[in-house]
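For the record, in the sequence shown the residue sitting at position 85 is 85 according to the UniProt record's numbering, with numbers rising by one throughout.
The C-beta atom is built at its ideal place from N, Cα and C for all residues, glycine as well.
Keep in mind the model is a prediction, meaning the values are calculated, not measured.
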Amino acid sequence: MKQTIKKTKRVHTVKDLMNHLAQHQIEIPLKVIVSIVAGYFLQLPYFERFIFISNQRPGDGRYEKSYWDLTFLFFYICVFTAARASFMKYVLLPLARWCNVSPKKYDRFCEQAWSFVYYTCSFSAGIAVMYGTEWWFDSRYFWIDYPVTDYTEAFKYYYLVQFAFWLQQIFVLQIEAPRKDYRELVMHHINTLLLIFASYLCNFTRVGNAVFVCMDLPDAVLALAKTLNYTCPGIICNATFVMMLFSWMYTRVYLYGCIMLSTWTEPDLYVNFRLAPLEGWWFPHFVVYIIFALMFGLYCLILFWTAMIFKVLYKIVFTENASDVRSDDEDEEVHVLEKDDLTQRSGMKSNGLTQRTRRSTRKTNGTN
């Protein structure tokens with residue numbers, strides 16, 4: 001009597017793990033989320049620390065940093081992963097079909113539409129927590145009250161949710177269709193995460209808030225311009241692109257440049273340099289050079305993409321309509337998104353399909 005032995009596929013490498021997570025980017029995070037939420041409603045100890053911020057200070061109700069912030073980050077990384085995949089699959093993909101987007105651009109449309117939704121929300125939240133504060137684009141107050149070790153409830157939620165989003169973006173970068181500026185994007189994400197981590201750990205969150213706001217506005221308008229380019233290329237798309245250019249030059253090139261220069265010149269005027277971590281002081285003088293180097297590295301990438309934006313502007317004025325500022329793919333072939341592609345694309349790669357097989361599969365599907 002023959003027995004059939006089922007072989008289970010094991011995850012051996014980081015790439016295998018990414019492929020597995022990409023195939024189940026709704027199911028796996030959703031199971032984690034449901035388990036944590038169920039633990040919270042069952043009033044199991046510590047489960048609320050995954051969902052809500054921790055370490056409220058008695059008396060004034062303000063919040064300080066906590067090791068439990070790590071559990072909060074983990075939970076919201078799962079939330080963003082499941083929310084992004086679900087929203088793209090069940091909302092944006094049908095919307096792309098309804099808007100008659102080219103099937104070759106389904107994935108790009110969904111990615112950019114999701115980015116527009118998130119960056120619009122994050123920019124609005126950043127303005128809300130920043131508006132009316134002493135550091136409302138008055139860079140002196142980035143440093144005058146250093147160290148600031150306590151936050152309002154809204155500010156701590158905002159900062160940690162942003163941190164979780166950018167941590168989750170590392171995973172997103174691995175599962176999105178590749179771009180020609182992939183290396184620059186990796187450098188941008190690493191630099192951004194280092195700045196977020198350092199600003200939160202070392203109590204430079206006021207600077208971080210201002211930088212988030214400067215970055216999120218043009219990202220939202222850029223994502224909108226790209227989304228419109230896939231649905232209604234022409235004057236509306238081009239007008240949105242020009243609006244993005246103005247926001248980009250004002251916030252990312254000018255305002256962020258001012259913030260970067262502030263980190264170089266103003267700490268000497270307002271900060272008593274010393275290192276005393278238990279008191280919240282993480283600011284010996286050499287830290288000025290570290291902060292400035294990280295911010296300058298990000299600024300170099302901004303200037304790189306600024307040059308690409310002006311290339312697109314040249315095409316709008318002299319040759320053709322606006323196209324994606326960052327190249328869509330490594331080659332001319334763009335993978336067609338089928339019904340369940342948002343969860344199965346990486347799985348196809350891991351199954352060892354050759355480029356020739358994928359081409360023939362696309363040609364076959366193109367007749368349906």
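According to DSSP, simplified to helix, strand and coil, what is residue i?
i, result
"Trp98", "helix"
"Asp60", "coil"
"Leu44", "coil"
"Phe283", "strand"
"Asp150", "strand"
"Arg274", "strand"
"Asn229", "helix"
"Glu266", "coil"
"Ser66", "coil"
"Glu27", "helix"
"Thr306", "helix"
"Phe50", "helix"
"Trp136", "coil"
"Phe178", "Note that residue 178 is Pro in the sequence shown, not Phe. Looking at Pro178 - three-state DSSP - the assignment turns out to be coil, as it is neither helix nor strand."
"Ala208", "Contrary to the premise, residue 208 reads as Gly rather than Ala in this sequence. Three-state result, Gly208: helix."
"Ile144", "coil"
"Tyr131", "coil"
"Thr192", "helix"
"Cys121", "helix"
"Thr251", "helix"
"Thr13", "coil"
"Asp328", "Annotation note: pLDDT 49 at Asp328 (below 50); position unreliable, coordinate value reported separately. Coil at Asp328, not helix or strand."
"Cys202", "coil"
"Gly234", "coil"
"Asn55", "coil"
Using a Cβ-Cβ cutoff of less than 6 Å, which residues in the same chain neighbour residue i once the five nearest sequence positions on both sides are dropped?
i, result
"Leu195", "Leu294"
"Ser247", "Leu217, Pro218, Val221"
"Tyr158", "Ala125, Val129"
"Ile26", "Ala82, Ala85, Ser86"
"Asn209", "Met130"
"Phe50", "Ile36, Thr71, Phe75"
"Glu134", "Tyr141"
"Gly280", "Pro147, Thr149, Asn203"
Skipping 5 residues on each side, what residues in its chain have a beta carbon closer than 7 Å to that of residue i?
i, result
"Gln168", "Ile77, Phe80, Thr81"
"Val161", "Tyr76"
"Trp114", "Arg84, Phe87, Met88, Leu92"
"Ser199", "Thr205, Val207, Gly208"
"Trp136", "Met130"
"Tyr63", "Ile53, Asn55, Gln56, Arg57, Asp150, Tyr151, Glu153, Lys156"
I need the straight-line Cα distance from residue i to residue j, nearest angstrom please.
i, j, result
"Val211", "Ser139", "11 Å"
"Phe165", "Asn238", "29 Å"
"Phe116", "Cys110", "10 Å"
"Ile175", "Asp60", "44 Å"
"Gly132", "Pro103", "46 Å"
"Ala307", "Arg84", "30 Å"
"Leu245", "Ile309", "8 Å"
"residue 446", "Phe296", "Nothing can be reported for residue 446, as the shown portion of the chain is limited to 1 through 368."
"Ile127", "Val207", "13 Å"
"Thr205", "Phe142", "8 Å"
"Ile316", "Gln112", "20 Å"
"Tyr119", "Lys156", "18 Å"
"Leu73", "Thr152", "18 Å"
"Asn203", "Thr13", "36 Å"
"Val101", "Phe304", "29 Å"
"Thr319", "Phe171", "36 Å"
"Asn19", "Lys311", "35 Å"
"Arg183", "Trp98", "34 Å"
"Ser346", "Cys121", "Here Ser346 scores only 42 on pLDDT, less than 50, and its place in the model should not be relied on; the value that follows carries that caveat. The alpha-carbon atoms of Ser346 and Cys121 are separated by roughly 29 Å."
"Tyr289", "Tyr299", "15 Å"
"Leu313", "Val242", "8 Å"
"Leu44", "Trp68", "16 Å"
Spatial neighbours of residue i within its chain, please: CB distance less than 8 Å, with the 5 preceding and 5 following residues excluded, ordered by chain position.
i, result
"Pro284", "Phe273, Arg274, Leu275"
"Cys214", "Thr251, Arg252, Leu255, Tyr256, Ile259"
"Met187", "Gly297, Leu301"
"Asn321", "Any answer about Asn321 is weak, because its pLDDT of 49 lies below 50 and its placement is not dependable; what the coordinates show is given next. Excluding sequence neighbours, Asn321 sits near Asn229, Pro233, Gly234, Cys237, Asn238, Lys315."
Tell me, to the nearest whole angstrom, how far the beta carbon of residue i is from that of residue j; I am working on the premise that it is less than 8 Å.
i, j, result
"Gly39", "Phe47", "4 Å"
"Arg57", "Asp150", "6 Å"
"Ser54", "Ser66", "5 Å"
"Leu173", "Leu185", "6 Å"
Contact the segment 264-278 vs the segment 219-234: 3+ CB pairs below 8 Å
The segment 264-278, when compared against the segment 219-234, does not touch it at the 8 Å Cβ threshold.
Report yes or no: do the segment 30-39 and the segment 70-87 share at least 3 C-beta pairs separated by less than 8 Å?
yes
Counting Cβ pairs, one atom from each stretch, are 3 or more of them under 8 Å apart for the segment 228-245 and the segment 188-206?
They do not touch, by the three-pair rule.
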